[in-house]
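Participant: Numbering (my numbering), first residue to last: 2 to 108.
Below are the structure tokens for one structure; questions will follow.
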């Protein structure tokens, strides 16, 4: 049997560059996954450290509504983004009347 005939009976393997390209793509995907995990874990820890609890409206409330305990929830919000006079205790807001319509989760 000639060498040419012997080579034609062997299974064809993929070229070397295919394996290198696959390895580079896997490495790039792993790097992207690690970078995303680090970014989200950093943002999450920064959000917890720079936040405080404030009282917000749980559902849309029309003007002139007397607020009850069911209308209010307490959420963690960034300290930089709080308006002056934001309430931190829901008991301070219970029984007060809204002067304008309030949207859900707005303080």
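For every residue, glycine included, the Cβ atom is placed at its ideal position computed from N, Cα and C.
1. Which of the three DSSP states is assigned to residue 64 in this structure?
2. Straight-line CA distance for residue 36 to residue 82?
3. Can residue 103 be considered in contact with the ligand FAD, in the sense that its beta carbon sits closer than 7 Å to one or more heavy atoms?
4. Rounded to the nearest angstrom, what separates residue 25 and residue 42 at their Cα positions?
5. For a test of the three-state rule: what should DSSP assign to residue 79, helix, strand or coil?
6. I'd like to know whether the C-beta atoms of residue 64 and residue 101 end up nearer to each other than 8 Å.
7. I'd like to check one pair, residue 96 with residue 52: are the Cβ atoms closer than 8 Å?
8. Alpha carbons only, please: which of 38, 56, 23 is nearest the one belonging to residue 84?
Facilitator: The structure says:
1. coil
2. 27 Å
3. For the structure depicted, the ligand FAD is absent and the ligand set is empty, with no information on it obtainable.
4. 26 Å
5. strand
6. yes
7. no
8. 56
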